[in-house]
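Peer 1:
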Amino acid sequence: MKFLFKTDYEDDIRLFPHSGYLWTYGTLLVLIAAAPFVLSSYLISQLVFVSIYAIVGVALLILTGFTGQASLGHAAFLAIGAYTTAYLQQFGVPFPVYFLTAGLLTGIIGAIVGFPALRLHGIYLVIATISFALIVEEILARWESVTHGNEGLRVKTIQMLGTTVPRDSAGFYYLCMGVLIVVILGAINLLRSPTGRAFVAIRDSETAAKSMGINVSLYKVKSFAISAAITGLAGCLFAHKLTFISPEMFTLQLSIEFIMVILIGGAFSLHGAVLGAIFIVMVDPFLTFLKDDIPGAIANFSMLMGAGAERAAAIEKSTAAVASANGLKGAIYGFLIMAFILFEPLGLYGRWLKIKLFFQLFPLYKRATFKRQKIYVKSERNR
Amino acid sequence: MLDFVQQLVSGIALGCVYGLIALGFVLIYKATEVVNFAQGDLMMLGGFFAFTFIGILGLNYWIGFFAAVVAMAAFGMLAERLVVRPILGYPQFTIVMATIGLGFFLRSVAGMIWGTDDLKIDTPFSQGVLRLGGLVLAHDKLSVIAATLLLCLLLYLFFNKTTLGTAMRASSENMLAAYYMGIPVKRVVAIVWAISAAVATAAGVLLAPITFIHSNVGLVLGLKAFPAAVLGGFGSIPGALVGGVLIGVIESMAGFYLPQGWKDVAPYIVLLAVLLLKPEGIFGLHVRKKV
Chain R
1 MKFLFKTDYE DDIRLFPHSG YLWTYGTLLV LIAAAPFVLS SYLISQLVFV SIYAIVGVAL
61 LILTGFTGQA SLGHAAFLAI GAYTTAYLQQ FGVPFPVYFL TAGLLTGIIG AIVGFPALRL
121 HGIYLVIATI SFALIVEEIL ARWESVTHGN EGLRVKTIQM LGTTVPRDSA GFYYLCMGVL
181 IVVILGAINL LRSPTGRAFV AIRDSETAAK SMGINVSLYK VKSFAISAAI TGLAGCLFAH
241 KLTFISPEMF TLQLSIEFIM VILIGGAFSL HGAVLGAIFI VMVDPFLTFL KDDIPGAIAN
301 FSMLMGAGAE RAAAIEKSTA AVASANGLKG AIYGFLIMAF ILFEPLGLYG RWLKIKLFFQ
361 LFPLYKRATF KRQKIYVKSE RNR
Chain D
1001 MLDFVQQLVS GIALGCVYGL IALGFVLIYK ATEVVNFAQG DLMMLGGFFA FTFIGILGLN
1061 YWIGFFAAVV AMAAFGMLAE RLVVRPILGY PQFTIVMATI GLGFFLRSVA GMIWGTDDLK
1121 IDTPFSQGVL RLGGLVLAHD KLSVIAATLL LCLLLYLFFN KTTLGTAMRA SSENMLAAYY
1181 MGIPVKRVVA IVWAISAAVA TAAGVLLAPI TFIHSNVGLV LGLKAFPAAV LGGFGSIPGA
1241 LVGGVLIGVI ESMAGFYLPQ GWKDVAPYIV LLAVLLLKPE GIFGLHVRKK V
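Line by line, the protein sequences give chains R and D. Position 130 of the first sequence, counted from 1, bears residue number 130 in the numbering used here, the numbering being contiguous throughout. Quick note: to get the numbering used here, add 1000 to the position in the second sequence (first position is 1).
1) For the region 116-127 of chain R, which residues have a CB atom closer than 8 Å to at least one CB atom of chain D, in sequence order?
2) I believe Ile245 (chain R) touches Ala82 (chain R) by the beta-carbon criterion, under 8 Å. Please report the beta-carbon distance rounded to the nearest angstrom.
3) Would you verify that the beta carbon of Leu1119 (chain D) is, or is not, closer than 8 Å to some beta carbon of chain R?
4) Within its chain, find whatever has a CB closer than 6 Å to the CB of Leu275 (chain R); leave out the 5 residues flanking it on each side and keep chain order.
5) Output yes if chain D places a C-beta closer than 8 Å to the C-beta of Ile158 (chain R); else output no.
6) Quick one: is Gln1092 (chain D) near chain R, going by C-beta distance under 8 Å?
7) Please tell me whether Glu257 (chain R) has its Cβ less than 8 Å away from any Cβ of chain D.
8) Given a cut-off of 8 Å on the beta-carbon distance, is the pair Gly948 (chain D) and Ala1050 (chain D) in contact?
9) Using DSSP's beta-bridge definition, name the partner residues of Leu1119 (chain D).
10) Return yes when the C-beta of Ala187 (chain R) is under 7 Å from any heavy atom of the ligand ATP, and no when it is not.
11) I need the boundaries of the alpha helix (DSSP H) containing Thr195 (chain R), first residue and last residue.
12) From the DSSP output, in three-state form, read off Asn382 (chain R) for me.
13) Could you give the DSSP three-state label for Ala1138 (chain D): helix, strand or coil?
14) To test your reading of the DSSP string, which unbroken alpha helix (DSSP H) runs of 4 or more residues are found completely within the region 242-295 of chain R?
15) At a CB distance below 8 Å, what residues from the region 1073-1100 of chain D approach chain R? Give them in sequence order.
16) Between the alpha carbons of Leu22 (chain R) and Leu31 (chain R), how many angstroms are there, rounded?
17) If you draw a straight line from the alpha carbon of Asp12 (chain R) to that of Leu175 (chain R), how long is it in whole angstroms?
18) As a quick exercise: from R:Ile112, R:Gly272 and R:Leu43, pick the residue whose alpha carbon is nearest that of Tyr173 (chain R).
19) Quick one: any contact between the region 1065-1083 of chain D and the region 1183-1199 of chain D, if contact means 3 or more CB pairs under 8 Å?
20) Around the Cβ of His18 (chain R), are there at least 16 other Cβ atoms within 10 angstroms (buried) or fewer (exposed)?
21) In angstroms, rounded to a whole number, what distance separates the CA positions of Asn382 (chain R) and Phe1053 (chain D)?
22) Given that a residue counts as buried once 16 or more other Cβ atoms are within 10 Å of its Cβ, and exposed if not, what is Asp1140 (chain D)?
23) Could you spell out where the beta strand (DSSP E) holding Val165 (chain R) opens and where it closes?
24) Can you give me the Cβ contacts of Lys1289 (chain D) inside the same chain, cut-off strictly under 8 Å, excluding the 5 residues immediately before and after it?
25) If the cut is a Cβ gap below 7 Å, which residues of chain R does His1065 (chain D) touch?
26) Grouping DSSP H, G and I as helix and E and B as strand, with all else coil, what is Ile158 (chain R)?
27) Taking a cut of 8 Å between CB atoms, which residues from the region 1244-1275 of chain D lie near chain R?
28) In chain order, what residues of the same chain have a beta carbon less than 7 Å from the beta carbon of Gly114 (chain R), not counting five sequence neighbours either side?
29) Select from D:Ala1138, D:Leu1276 and D:Leu1164 the residue whose C-alpha is nearest the C-alpha of Leu1014 (chain D).
30) When you compare only the Cα positions, how much space is there between Leu1150 (chain D) and Leu1241 (chain D)?
31) Which runs of the alpha helix (DSSP H) spanning at least 4 residues fall entirely within the region 1220-1284 of chain D, listed in chain order?
32) Anyone know if the C-beta pair for Pro345 (chain R) and Arg311 (chain R) falls short of 8 Å?
33) Could you tell me which chain R residues have their CB closer than 7 Å to the CB of Met1044 (chain D), listed as they occur along the chain?
34) Give me the chain D residues within the contact set of Arg372 (chain R), using Cβ-Cβ distance strictly less than 8 Å, ordered along the chain.
35) Note down, one range per segment and in chain order, each alpha helix (DSSP H) of at least 4 residues found wholly within the region 95-150 of chain R.
36) Apply the 10 Å Cβ neighbour rule to Trp1062 (chain D) and answer buried if 16 or more other Cβ atoms are within range, or exposed otherwise.
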């Protein structure tokens, strides 16, 4: 186990605490850069979705994980980013301009949402953000002069530096990964700055933060704006990836998927956002695998176990029926949410930390290190 | 004028539907300060249970109704035991997420078991129509109004007059203190989930002739019941009824007098306005802030 000897405050907030970090992240960077040459185009396309989900995950983490303001309305911010992109494109605005405008505009709307949210906390905030998302969804469906209503909008491919960047090219993959890396670095920098420290202070205790001289309202609005702006950037990439957007893509379910990203990844670390994004995006390929391969495999297995051909065919048919049932994705999502909350509250990154600590402390690891502190519910009404 | 009154009456009928679902939210909130996002899905499941008992097994309507309520009360206890109890006492948002997960799960599984078609139950209220002057009111809507009023009254008395009701209020105020006073907090929570699931089932069965039973009915109506619960003040039983009726009337008025599209959004705009201006709702408790 490596002990860091810190002699001043700079050591505490350094981006790479020791050379090991440089090696790890350097290797990761090389792997990311090499991926388009090695992996199939399907996997690259999945990785693009991973990066988009991870960007939203980081955004949500800043708001929910670090400032403690739960939001179930991030699909609406994504939609605003995506629609800004599609709308501005019609007037021949170049990519860098509308990309940044998408972020800026969403950020402004985020700040506007943040103001009313100041008076709310806990469950009321969740309900308010849900209503905000539902209202935005309805506006997108009705404001036909701009959004074309339920017909949706087409998104043209990116034109940049005289070349086109199609949505399934390696260039687009590098673009998304680049944005993700910039966003993550930005988030790390934000979190070690006074603003980030103020966010965490607000999460841990609003009263304590206030008495330390932190302007709670200002920082909450800032957190909303930053989170929304990053989501808006992701929305621009999302629109380009899908090439077609319509209001029914940005539903409550998408907001819940984003919450799942940080829930599954681990709610208090940026690593978690990326891990969670990988996990959520992989649910779809897993379902396809379930549909295509599992029924046959089970039938073969039952033949091996001595079942007749007729019986095996029946088994294959019934498993196929379950595996291709309509609601299977919802059931898996629901199950995942419950399972992670009940059994792995620190998420995938928490599991990785546990495994790492187990080997670092080898015979001395004890389970209780990561035990959650139980707090007994006191009425929120008296807050 | 007659149009206005007809809209008002049908708004009230619709509002009672929301009120009935909001009652379930309020019950669980009142006893545990948890908002159960799966409430609408419990209602949906109750409807499917009743369909199974009445439509498939061919039981008498009232016996089937009763059986569904009992079965769902047991199911509510089971859900509480498996999903909520292990995380009782952790931050609110954790529990909220768990109930969202539960809702997802129930919706999909119900869709797999009972299919995705709209199902119907034959009820004694299905056909009749009440005429008052120029007003027309279907019996099934009247049954919802009557049941909502009755349940509100019963639950209000239960919470304010019985020992168990007082224990529930105590455990929501301060779980640890309630525990010290000898209240079996865990059992109280289990019971409140059972009651809430039973109320949801009553809603589901009474709504069956109006909205039909399908796996998404809970999500759609559940989201509309939130504004009702918030408007009434989240912890108040009469508030749920009043909030529900207000939302119902606003929705049907917006549908009649405003351009298309406002009908679906109006409840949420009202909700946001209420949260901004008077977050404790109409009947909410006003408590001074302690540091």
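Built from N, CA and C at the ideal position, the CB exists for glycine as well.
Peer 2: From the atom records:
1) Using a CB distance below 8 Å, the part of the region 116-127 of chain R facing chain D consists of Pro116, Arg119, Leu120, Gly122, Ile123, Tyr124, Val126 and Ile127, ordered along the chain.
2) 5 Å
3) Residue contact with chain R for Leu1119 (chain D): absent (no Cβ-Cβ distance below 8 Å to any residue of chain R).
4) So the list reads Gly265, Leu348 and Tyr349, once near-sequence residues are dropped.
5) Not closer than 8 Å to any Cβ of chain D, the Cβ of Ile158 (chain R) fails to qualify, so no.
6) yes
7) no
8) Nothing about residue 948 (chain D) can be reported from this structure: the residues present for chain D run from 1001 to 1291 only.
9) D:Ile1213
10) Ligands displayed in this structure: none; no statement on the ligand ATP is therefore possible.
11) Note, Thr195 (chain R): alpha helix (DSSP H), Pro194 to Asp204.
12) Reliability fails at Asn382 (chain R), whose pLDDT of 47 lies under 50, so the model's placement of it is uncertain and no value is given.
13) strand
14) Scanning the region 242-295 of chain R for uninterrupted alpha helix (DSSP H) segments of 4 residues or longer gives 252-265, 270-281 and 283-292, listed from N- to C-terminal end.
15) Correct list: Val1083, Pro1086, Ile1087, Leu1088, Gly1089, Tyr1090, Pro1091, Gln1092, Phe1093, Thr1094, Val1096, Met1097, Ala1098 and Ile1100.
16) 14 Å
17) Distance from the CA of Asp12 (chain R) to the CA of Leu175 (chain R), rounded to the nearest whole angstrom, comes to 32 Å.
18) With distances taken between Cα atoms, Tyr173 (chain R) lies closest to R:Leu43.
19) yes
20) exposed
21) Confidence in Asn382 (chain R) is poor, its pLDDT being 47 and thus under 50, which makes the residue's placement too unreliable to answer from.
22) buried
23) Thr163 to Val165
24) Residue placement at Lys1289 (chain D) is flagged as unreliable, the pLDDT there being 48, under the threshold of 50; the coordinate-derived value follows with that caveat. Taken in chain order, the list of residues that qualify is empty.
25) Residue identity check: residue 1065 (chain D) is Phe in the sequence provided, not His. Here the premise fails: no neighbours, minimum Cβ distance about 27 Å.
26) strand
27) Within the region 1244-1275 of chain D, Gln1260, Gly1261, Asp1264, Val1265, Tyr1268, Ile1269, Leu1271, Leu1272 and Leu1275 place their CB atoms closer than 8 Å to a CB of chain R, listed in sequence order.
28) Take Gly114 (chain R), set aside five residues on each side of it, and the residues of its chain with a beta-carbon closer than 7 Å to its own are Lys220, Val221, Phe224 and Ala225, in chain order.
29) D:Ala1138
30) 11 Å
31) 1237-1257 and 1262-1277
32) The Cβ-Cβ distance between Pro345 (chain R) and Arg311 (chain R) does not fall below 8 Å.
33) Within chain R, no residue comes near Met1044 (chain D); the closest Cβ sits about 12 Å away, beyond 7 Å.
34) Tyr1090
35) 95-117, 122-142 and 144-147
36) exposed
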